[in-house]
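Colleague:
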Amino acid sequence: NMNNNMNNNMNNMNNNMNNNMNNNTNNMNNMNNMNNNPPDLNSFDRFTRATSTGLRNQGNTSHLNAVLQFIGSIQNFASYFTKEKNEQFFLENIPNRPLTFVTYRLFLHLYKYPENQQREIYTPDSYLKVLEIENPTSKTVKSINPNELLIYILDTLHYELNQPRNNNNISPKNNYDKTDVIQCGIINFQNRYNSIMSNLLNWFQLEEASCLFCNSTTYSFHTYNTFDLDILGCSNSNNNNPININNCILNKFLTKQKEAYCSICRKNTQMHFSSKIYFSPTEFIFLLNRGNMDPNLMNIRFFIEEKINLRNFIENQNAPSLYQLKGIVSIDLKNSKYVSFCMSPVDKNWYFYNDEVIQLLDLNQVLQFHNNSNSFIPCILIRSEEHT
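Numbering-wise (the numbering used here), the sequence shown opens with residue 4 and increments by one.
#1: Which residue or residues does DSSP assign as beta-bridge partners of His275?
#2: Could you please give the first and the last residue of the uninterrupted beta strand (DSSP E) stretch that includes His225?
#3: Tell me where the alpha helix (DSSP H) around Ile136 begins and ends.
#4: From Phe230 to His275, what distance separates their C-alpha atoms?
#5: Based on the DSSP output, what are the partners of Tyr354 in its beta bridges?
#6: Quickly, what does DSSP pair Phe207 with across the bridge? List them, please.
#7: Could you have a look at Arg108 and say whether DSSP puts it in helix, strand or coil?
#8: List the endpoints of the continuous beta strand (DSSP E) containing Arg326.
#9: If we ignore side chains and look at the alpha-carbon of each, how far apart do Gln371 and Tyr281 end up?
#10: Please classify Asn302: does DSSP put it in a helix, a strand, or coil?
#11: Mapping DSSP to helix, strand and coil, what is Asp180?
#12: Is Ser65 buried or exposed, if buried means 16 or more other CB atoms sit within 10 Å of its CB?
#13: Between which two residues does the beta strand (DSSP E) containing Asn172 stretch?
#14: Here's the rule: buried if 16 or more other CB atoms are within 10 angstroms of the residue's CB, otherwise exposed. What is Gln78?
#15: Does the Cβ of Ser339 have 16 or more other Cβ atoms within 10 Å, making it buried, or fewer, making it exposed?
#16: Taking only the alpha-carbon atoms, compute the straight-line gap between Ile97 and Glu135 and give it to the nearest angstrom.
#17: Pairing CB atoms from the stretch 289–299 with CB atoms from the stretch 377–391, are three or more of them under 8 Å?
#18: Have a look at the DSSP bridge pairing and note the partners of Cys265.
#19: Alpha carbon to alpha carbon, how far is Phe355 from Gly188?
#20: Taking a contact to mean a Cβ-Cβ separation below 9 Å, would you say Ile234 touches Phe305 in this structure?
#21: Less than 9 Å between the beta carbons of Asn150 and Arg168, yes or no?
#22: If contacts are defined as beta-carbon pairs under 8 Å, then Leu215 and Thr258 qualify, I think. What distance do you get, rounded to the angstrom?
#23: DSSP three-state call for Asp231: helix, strand or coil?
#24: Could you say which of Asn194, Asn228, Thr220 lies nearest to Asn171 if we only look at CA atoms?
#25: Taking the Cβ atom as the reference point for each residue, do Phe110 and Thr85 lie within a distance shorter than 9 Å?
#26: What did DSSP end up calling Tyr162 once you bin it into helix, strand or coil?
#27: Leaving out the 5 sequence neighbours to the left and right, which residues in its chain are closer than 7 Å to Pro284 when beta-carbon positions are compared?
#28: Taking its Cβ as the centre, do 16 or more other Cβ atoms sit within 10 Å of Gly330, making it buried, or is it exposed?
#29: Nearest-angstrom Cα distance between Glu308 and Lys270?
#30: Between Arg386 and Gln327, is the Cβ-Cβ spacing less than 9 Å?
#31: Which residues bound the alpha helix (DSSP H) around Glu95?
#32: Would you check if the distance between the CB atom of Glu388 and the CB atom of Phe287 is smaller than 9 Å?
#33: Quick one: using the 10 Å Cβ neighbour count with 16 as the cut-off for buried, is Tyr162 buried or exposed?
#34: So, with DSSP's three-state summary, where would you put Leu313?
#35: Under three-state DSSP, which class holds Ile156?
#36: Please report the straight-line C-alpha distance between Gly57 and Ile361, rounded to a whole angstrom.
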């Protein structure tokens, strides 16, 4: 009965979320304030063609080029910026949203309309300048970590485009009431997060803590826009055999015992911790954290599958569980640089992006390069919800 009630509550909350988003969109369309609000999140145009525009390396910027092509492969993400009706907003709000504007300009060059104006090579120099001005620690001479760069871009775009409805958090009456914790967690998310990033990428984690002293169970609810995979810890537990996403998630969500504060006992005691995904996103980004080509992490064999099923790790059975591979940021071992492999959101073909050079591939070649020949070491993966 509890599971049925929770599922019903989740359905109601999802319906409320959709209604709130639709109401918010209608309000935005009715506002006459020089387009200061970000444009419609729920309506997208298709691209005119698959990207054939390479990105020029500006001196040790292969990580930047690989990440930019990678995020461009997310259809609803890139089309949000290339939608013609959104152009006025991006042009009018340059001072307050610098990274949003250069992202808009980038995608116009990668997915140019009309087609006869498509460039073969584009130099994202304005993108690099904004990154260095807004976040000096991201200067390419100091950091070439694509994981850190991707997180910074997603977080900054979310900050610039987010439209919180209410900044006040609602606390659950009792953190040992599972349904109450979930409801408050989702309501807080709806009130505070509303951007193209949060709508596509955010996933929810439900953590359960059981006290070994008083036998009580408490819950906490968390949201994230990427999923960190501990490939080092997972490889140690698998005797250096090839690992995959499911191995890493299983290792992360295994019940672990440690000393922590029990809110019921009101003291530190031994507790069991376990977690599950409560609700999964449309686009799931997995970070393998091989930043700066750490040899200890590069030597770990990671097997990439075309499709994965996360059902065993998901608490809410109404949440998406089937995901298809759509993009990879990798280390090119031969040339010691970063590249990306992405499925085009237009023609559904796979492309290899190596700065200015673009090559058409098929999925079997992409998997072969990573799983068998080990010519490329994966760093970041993106998977899209598969509709059955």
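In this text, a Cβ means the ideal position worked out from N, Cα and C, and glycines have one as well.
Modeller: This is what the structure holds:
#1: Residue numbering aside, residue 275 sits at position 272 when the sequence shown is read from its first letter. Its beta-bridge partners are Ser213, Gln260.
#2: Position 222 of the sequence shown, counted from the start, is the residue given in the question as residue 225. First-last of the beta strand (DSSP E) with His225: 220–227.
#3: Here the question's residue 136 lines up with position 133 in the sequence shown. 128–137 is the span of the alpha helix (DSSP H), which, as asked, contains Ile136.
#4: Taking the sequence shown and counting its residues from 1, one reaches residue 230 at position 227. Taking the sequence shown and counting its residues from 1, one reaches residue 275 at position 272. Approximately 22 Å between the Cα atoms of the pair.
#5: Along the sequence shown, read from residue 1 onward, the residue named residue 354 stands at position 351. Note: Tyr354 sits in a beta bridge opposite Cys345, Leu363.
#6: One-based indexing of the sequence shown puts residue 207 at position 204. Its beta-bridge partners are Thr226, Phe282.
#7: Locating residue 108 in the sequence shown gives position 105, where the first residue counts as 1. Here Arg108 sits in helix by DSSP.
#8: The count along the sequence shown starts at 1 and reaches residue 326 at position 323. First, the amino acid is wrong: residue 326 is Tyr here, not Arg. From DSSP, the beta strand (DSSP E) with Tyr326 extends over 325–335.
#9: Walking along the sequence shown from the start, residue 371 turns up at place 368. Walking along the sequence shown from the start, residue 281 turns up at place 278. Roughly 33 Å between the two C-alpha positions.
#10: In the sequence shown, counting from the first residue as 1, residue 302 sits at position 299. Coil, per DSSP.
#11: In the sequence shown, residue 180 corresponds to position 177, counting from 1. Here Asp180 sits in coil by DSSP.
#12: Translated into positions along the sequence shown, residue 65 becomes position 62. Ser65 should be labelled buried.
#13: Position 169 of the sequence shown, counted from the start, is the residue given in the question as residue 172. According to the DSSP assignment, Asn172 belongs to no beta strand (DSSP E), since it is labelled neither H nor E.
#14: The count along the sequence shown starts at 1 and reaches residue 78 at position 75. Gln78 should be labelled buried.
#15: Numbered from its first residue, the sequence shown carries residue 339 at position 336. Under this definition Ser339 is an exposed residue.
#16: Here residue 97 corresponds to residue number 94 of the sequence shown, with the count starting at 1. Here residue 135 corresponds to residue number 132 of the sequence shown, with the count starting at 1. Annotation: Ile97 to Glu135 spans about 17 Å, alpha carbon to alpha carbon.
#17: yes
#18: Here the question's residue 265 lines up with position 262 in the sequence shown. Answer is Lys270.
#19: Here the question's residue 355 lines up with position 352 in the sequence shown. Here the question's residue 188 lines up with position 185 in the sequence shown. One C-alpha to the other measures close to 40 Å.
#20: On the sequence shown, position 231 is the one that residue 234 refers to. On the sequence shown, position 302 is the one that residue 305 refers to. The criterion of a C-beta distance shorter than 9 Å is satisfied by Ile234 and Phe305.
#21: In the sequence shown, counting from the first residue as 1, residue 150 sits at position 147. In the sequence shown, counting from the first residue as 1, residue 168 sits at position 165. Taking 9 Å as the Cβ cut-off, Asn150 and Arg168 do not qualify as a contacting pair.
#22: By one-based count along the sequence shown, residue 215 stands at place 212. By one-based count along the sequence shown, residue 258 stands at place 255. At roughly 12 Å, the Cβ-Cβ gap does not stay under 8 Å, so Leu215 and Thr258 are not in contact.
#23: Taking the sequence shown and counting its residues from 1, one reaches residue 231 at position 228. Reduced to three states, the DSSP call for Asp231 is strand.
#24: The sequence position of residue 171 within the sequence shown is 168, counting from 1. Of the listed residues, the one whose Cα sits closest to Asn171 is Asn194.
#25: Residue mapping note: residue 110 aligns to position 107 of the sequence shown, counting from 1. Residue mapping note: residue 85 aligns to position 82 of the sequence shown, counting from 1. Thr85 is positioned such that its CB atom lies closer than 9 Å to that of Phe110.
#26: To locate residue 162, count along the sequence shown from 1; it is residue 159. It is helical.
#27: Locating residue 284 in the sequence shown gives position 281, where the first residue counts as 1. Same-chain partners within the cutoff: Leu203, Leu204, Asn205, Trp206.
#28: One-based indexing of the sequence shown puts residue 330 at position 327. By the neighbour-count definition (other C-beta atoms within 10 Å, threshold 16), Gly330 is a buried residue.
#29: For the purposes of this step, residue 308 is taken as the residue at position 305 of the sequence shown. For the purposes of this step, residue 270 is taken as the residue at position 267 of the sequence shown. Roughly 45 Å separates the two Cα atoms.
#30: Your numbering for residue 386 matches position 383 in the sequence shown. Your numbering for residue 327 matches position 324 in the sequence shown. Contact flag set, yes.
#31: Counted from its first residue, the sequence shown places residue 95 at position 92. Residues 90–95.
#32: If you number the sequence shown from 1, residue 388 lands on position 385. If you number the sequence shown from 1, residue 287 lands on position 284. Closer than 9 Å, so yes.
#33: On the sequence shown, residue 162 is found 159 positions in, with the first residue counted as 1. So Tyr162 counts as exposed.
#34: Position 310 of the sequence shown holds residue 313. Leu313: coil per DSSP, three-state reduction.
#35: Taking the first residue of the sequence shown as 1, we reach residue 156 at position 153. It is helical.
#36: Here the question's residue 57 lines up with position 54 in the sequence shown. Here the question's residue 361 lines up with position 358 in the sequence shown. For Gly57 and Ile361, the distance between alpha carbons rounds to 6 Å.
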